[in-house]
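Number of protein chains: 2
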Amino acid sequence: MSTANRQIHLVSRPQGEASVDNFKLVEAPLPALADGQVLVRHHYLSLDPYMRGRMNDAKSYAQPQPLGTTMIGGTVGVVVESRHPSFAAGDSVVGMGGWQEYSVVDGGAAGMLRRVDTTHVPLPAYLGAVGMPGVTAWYGLTQICAPKAGATVAVSAASGAVGGVVGQLAKARGCRAVGIAGGTGKCRFVTDELGFDACIDYKQHRDAKSLAAALKEAAPNGIDGYFENVGGMVLDAVLTQMNAFGRIALCGMISGYDGVPIPLSQPQLLLQSRLLLQGFIVSEHMQLWPEALKELGGAVAAGKLKYRETIAEGLAATPEAFLGLLKGRNFGKQLVKLV
Amino acid sequence: MSTANRQIHLVSRPQGEASVDNFKLVEAPLPALADGQVLVRHHYLSLDPYMRGRMNDAKSYAQPQPLGTTMIGGTVGVVVESRHPSFAAGDSVVGMGGWQEYSVVDGGAAGMLRRVDTTHVPLPAYLGAVGMPGVTAWYGLTQICAPKAGATVAVSAASGAVGGVVGQLAKARGCRAVGIAGGTGKCRFVTDELGFDACIDYKQHRDAKSLAAALKEAAPNGIDGYFENVGGMVLDAVLTQMNAFGRIALCGMISGYDGVPIPLSQPQLLLQSRLLLQGFIVSEHMQLWPEALKELGGAVAAGKLKYRETIAEGLAATPEAFLGLLKGRNFGKQLVKLV
Numbered sequence: 000m001s002t003a004n005r006q007i008h009l010v011s012r013p014q015g016e017a018s019v020d021n022f023k024l025v026e027a028p029l030p031a032l033a034d035g036q037v038l039v040r041h042h043y044l045s046l047d048p049y050m051r052g053r054m055n056d057a058k059s060y061a062q063p064q065p066l067g068t069t070m071i072g073g074t075v076g077v078v079v080e081s082r083h084p085s086f087a088a089g090d091s092v093v094g095m096g097g098w099q100e101y102s103v104v105d106g107g108a109a110g111m112l113r114r115v116d117t118t119h120v121p122l123p124a125y126l127g128a129v130g131m132p133g134v135t136a137w138y139g140l141t142q143i144c145a146p147k148a149g150a151t152v153a154v155s156a157a158s159g160a161v162g163g164v165v166g167q168l169a170k171a172r173g174c175r176a177v178g179i180a181g182g183t184g185k186c187r188f189v190t191d192e193l194g195f196d197a198c199i200d201y202k203q204h205r206d207a208k209s210l211a212a213a214l215k216e217a218a219p220n221g222i223d224g225y226f227e228n229v230g231g232m233v234l235d236a237v238l239t240q241m242n243a244f245g246r247i248a249l250c251g252m253i254s255g256y257d258g259v260p261i262p263l264s265q266p267q268l269l270l271q272s273r274l275l276l277q278g279f280i281v282s283e284h285m286q287l288w289p290e291a292l293k294e295l296g297g298a299v300a301a302g303k304l305k306y307r308e309t310i311a312e313g314l315a316a317t318p319e320a321f322l323g324l325l326k327g328r329n330f331g332k333q334l335v336k337l338v
Numbered sequence: 000m001s002t003a004n005r006q007i008h009l010v011s012r013p014q015g016e017a018s019v020d021n022f023k024l025v026e027a028p029l030p031a032l033a034d035g036q037v038l039v040r041h042h043y044l045s046l047d048p049y050m051r052g053r054m055n056d057a058k059s060y061a062q063p064q065p066l067g068t069t070m071i072g073g074t075v076g077v078v079v080e081s082r083h084p085s086f087a088a089g090d091s092v093v094g095m096g097g098w099q100e101y102s103v104v105d106g107g108a109a110g111m112l113r114r115v116d117t118t119h120v121p122l123p124a125y126l127g128a129v130g131m132p133g134v135t136a137w138y139g140l141t142q143i144c145a146p147k148a149g150a151t152v153a154v155s156a157a158s159g160a161v162g163g164v165v166g167q168l169a170k171a172r173g174c175r176a177v178g179i180a181g182g183t184g185k186c187r188f189v190t191d192e193l194g195f196d197a198c199i200d201y202k203q204h205r206d207a208k209s210l211a212a213a214l215k216e217a218a219p220n221g222i223d224g225y226f227e228n229v230g231g232m233v234l235d236a237v238l239t240q241m242n243a244f245g246r247i248a249l250c251g252m253i254s255g256y257d258g259v260p261i262p263l264s265q266p267q268l269l270l271q272s273r274l275l276l277q278g279f280i281v282s283e284h285m286q287l288w289p290e291a292l293k294e295l296g297g298a299v300a301a302g303k304l305k306y307r308e309t310i311a312e313g314l315a316a317t318p319e320a321f322l323g324l325l326k327g328r329n330f331g332k333q334l335v336k337l338v
């Protein structure tokens, strides 16, 4: 087995925008396995927007990432060596190994390492449509938006790992799916490949009023369920098009430059339209993951749930790929391929 | 019986602030009763903030009040003459008679006229704690905030007809009740008469940050349930003090001067604290009124649910009393006494 490992550490906190200087690639020896431990070689790293929040030292729902440690993150890989009876060398596994080539995991810790079947589902899909992003989409749509057949569901960042699944699950439930994405290429993918009924390129609209007019055309009966990944102007526009008793799953909200929050322009619409809005974090609802993963895995295996991936190559490319994700340069799920 | 009636009509829509010029007192003959109709003499008119919204010609959850017609509003009174078998002269009734001395009501129309028992509950209380404001408080607290014993519940406009009931119902459920009100007199009433654990005078705070610091002192364990009657700076401050998984019942939101909405400064807190926020209008939940009125009526009859009234005298005083309500000059439930 290998005895050297390479890791990417967070070495400083961003002042405003994150940069490559906040990260450092370091080499570290791999410790010998203790009883109960499993050594995993990572094949793919997952890059996700939530990681930007961990880089800050601010009060949030998550602990800040400590300086001088390996960045947190989801990983898929293969077991190299196991001293735990539940795992054997050669097993495909999904875990939270972080930005590094190998991880040593306590095989008995709940939820830390899960064996997965790659017969019908490709290994990296367990970081996307059949992983945390997919379950996030499933939870917000089914547990918060809870649309009936015939309802209209809208979702922002619709070409992304979460948004793309939201619209496809909505379509499978007999809903009209309206996406919002940045760029004509992404919008074409959302309608032509993912099967949404419509997609609006928000970059073609310079203010919420213009975007709202486009939404009205794409959702002529109004919006009943909205899955929010971005906030800001997009949320302002969508609120004006929500039907009475509409339901909003709040999954992600960007900030303006330098981390200053973007205000919500017309909060009175929440009252006037008697909306329900709920923020959520999918890792706090682990009891529903099996049900979600069963639907998602089945749909991917059957070729009914589609997605796209942007794949960076090699551990050293991770910081640049992550910064690109924050700027929306990825197209679908952003991964780093290590093996 | 009397054959003359006096009414207050809406004759123009406000440009910005409402004024007495938007209203006009007119005399109108009382029509003869048709079969099935009931003539009610109003003893008290209810004045409520929602009426301001009806004065506008804007898209809202309610139809605008048509110009040249009697202002809408809740009323309690006594039946003068009845041509409907369910009502008899002398019955005490609550209805939606509007800003006038008499109303002619279809006795068979669902929910238009309800006989009430004034043995243990005073007649005007059916416009307040045992009426629409009381049910509004009950609905938002029990169906949206849904606090457990030991939780902290906060409410704005805490000395008002709705807010005062929210806190007392929360106390009855074993919660800590924190009020927010405008003025030291109102705050003293909220704690000393209504039994809240604490009350903050928002007028002592010039920004959300200062108000948030006072809230932190009044709610040292954070806020689990919030009943919002005002919005603006108060909501901005409360959001910073909400506990994870907190629940917000959105009942009222003022606008800034000239009807311009007041933005919500930090919407990302809704996500970070995984809050649920829901707007509601109590008239859309009529199926729960009997349960609510049973608790409220019992509590008032037993002397356990307290409230205060501000009473204007005579129909002609109604517009001024209403404008005073919009400026917070009332103390508790604003009524107009006609008889």
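Protein sequences appear in the order of chains A and B.
Each step along the first sequence adds one to the number in numbering that gives the first Met the number 0, with nothing skipped, and position 248 is 247.
Each step along the second sequence adds one to the number in numbering that gives the first Met the number 0, with nothing skipped, and position 111 is 110.
Quick reminder that beta carbons are idealized off the backbone N, C-alpha and C, glycines included.
Am I right that residue 44 of chain A and residue 337 of chain A are in contact with their C-beta atoms under 8 Å? What's the rounded C-beta distance?
Between residue 337 of chain A and residue 44 of chain A the Cβ distance is about 7 Å, and since that is below 8 Å, they are a contact.
Give me, in chain order, the residues of the same chain whose beta-carbon lies closer than 6 Å to that of residue 278 of chain B; leave out the 5 immediate sequence neighbours on both sides.
Spatial neighbours of residue 278 of chain B in its own chain (CB-CB distance under 6 Å, excluding positions within 5 residues in sequence) are listed in chain order as 249.
Take residue 154 of chain B as the anchor and find which of B:170, B:179, B:172 has the nearest alpha-carbon.
For residue 154 of chain B, the closest alpha carbon among the candidates B:170, B:179, B:172 is that of B:179.
Since residue 238 of chain B meets chain A, which of its residues come closer than 8 Å, beta carbon to beta carbon?
Residues of chain A whose Cβ lies closer than 8 Å to the Cβ of residue 238 of chain B do not exist; the shortest such Cβ separation is about 11 Å.
Taking the beta strand (DSSP E) that residue 176 of chain B falls in, what are its first and last residues?
Where residue 176 of chain B is concerned, the enclosing beta strand (DSSP E) stretches over 175-180.
Could you please give the first and the last residue of the uninterrupted beta strand (DSSP E) stretch that includes residue 78 of chain A?
In the DSSP assignment, residue 78 of chain A falls within the beta strand (DSSP E) that extends over 74-81.
May I ask you to list, following chain order, the residues of the segment 227-253 of chain A that have a beta carbon less than 8 Å from some beta carbon of chain B?
The segment 227-253 of chain A vs chain B, Cβ under 8 Å: 230, 234, 243, 249, 250, 251, 252.
In the DSSP assignment, what residue or residues form a beta bridge with residue 91 of chain B?
Beta-bridge pairing links residue 91 of chain B to B:77.
Residue 198 of chain B bridges to which residues according to DSSP?
Residue 198 of chain B pairs with B:178.
Does any residue of chain A have a CB that is nearer than 8 Å to the CB of residue 267 of chain B?
Yes, its Cβ sits closer than 8 Å to a Cβ of chain A.
Using CA coordinates, which residue listed in B:175, B:231, B:186 is at the minimum distance from residue 222 of chain B?
Minimum Cα distance to residue 222 of chain B is reached at B:175.
Where residue 30 of chain A and residue 133 of chain A are concerned, what is the direct C-alpha to C-alpha distance, given to the nearest angstrom?
In this structure, the alpha-carbon of residue 30 of chain A lies about 34 Å from that of residue 133 of chain A.
Partners in chain B for residue 264 of chain A, counting only beta-carbon separations shorter than 7 Å:
Against residue 264 of chain A, the close residues of chain B are 260, 262, in the order they occur along the chain (beta-carbon pairs closer than 7 Å).
Is the segment 313-321 of chain A touching the segment 121-140 of chain A in the sense that three or more CB pairs, one from each, lie closer than 8 Å?
No, the segment 121-140 of chain A does not touch the segment 313-321 of chain A.
Tell me the start and end of each unbroken beta strand (DSSP E) in the segment 208-237 of chain B that is at least 3 residues and wholly inside, in chain order.
222-227, all fully within the segment 208-237 of chain B.
Shorter than 8 Å from the beta carbon of residue 325 of chain A to some beta carbon of chain B?
Taking Cβ atoms only, chain B never reaches closer than 8 Å to residue 325 of chain A, which makes this a no.
For residue 215 of chain B, which residues of its own chain have a beta-carbon under 7 Å away from its beta-carbon, when the five flanking residues on both sides are left out?
Contacts found: 240.
Under the DSSP definition of a beta bridge, which residues are partnered with residue 22 of chain B?
Note: residue 22 of chain B sits in a beta bridge opposite B:9.
Considering only heavy atoms of the ligand ATP, does any lie closer than 7 Å to the CB of residue 288 of chain A?
This structure lacks the ligand ATP, and indeed carries no ligand of any kind.
Just checking, does the segment 177-191 of chain B make contact with the segment 147-165 of chain B on the three C-beta pairs under 8 Å criterion?
Yes, the segment 177-191 of chain B is in contact with the segment 147-165 of chain B.
Measuring only between beta-carbons, confirm whether residue 210 of chain A sits less than 8 Å from chain B.
No, its Cβ sits nowhere closer than 8 Å to a Cβ of chain B.
Have a look at residue 284 of chain A and residue 82 of chain B and give me their C-alpha separation to the nearest angstrom.
If I take the Cα positions, the gap works out to 60 Å.
If you drop the 5 nearest sequence neighbours on each side, which residues of the same chain put their C-beta closer than 7 Å to that of residue 146 of chain B?
Within its own chain, the residues whose Cβ lies closer than 7 Å to the Cβ of residue 146 of chain B, once the five positions on either side in sequence are excluded, are 152, 169, 172, 174, 223, 224, listed in chain order.
Could you give the distance in angstroms between the alpha-carbon of residue 93 of chain B and the alpha-carbon of residue 299 of chain B?
Cα to Cα, the separation comes out at about 17 Å.
Entirely enclosed alpha helix (DSSP H) segments - the segment 235-293 of chain B, minimum 4 residues:
Within the segment 235-293 of chain B, the runs of alpha helix (DSSP H) at least 4 residues long that lie entirely inside it are, in chain order, 267-271.
Residues that residue 32 of chain A contacts on chain B, provided the C-beta gap is smaller than 9 Å
Under the 9 Å cutoff, chain B gives no residues; its nearest Cβ is about 37 Å from residue 32 of chain A.
Let me know the secondary structure DSSP gives residue 146 of chain B once reduced to three states.
Reduced to three states, the DSSP call for residue 146 of chain B is coil.
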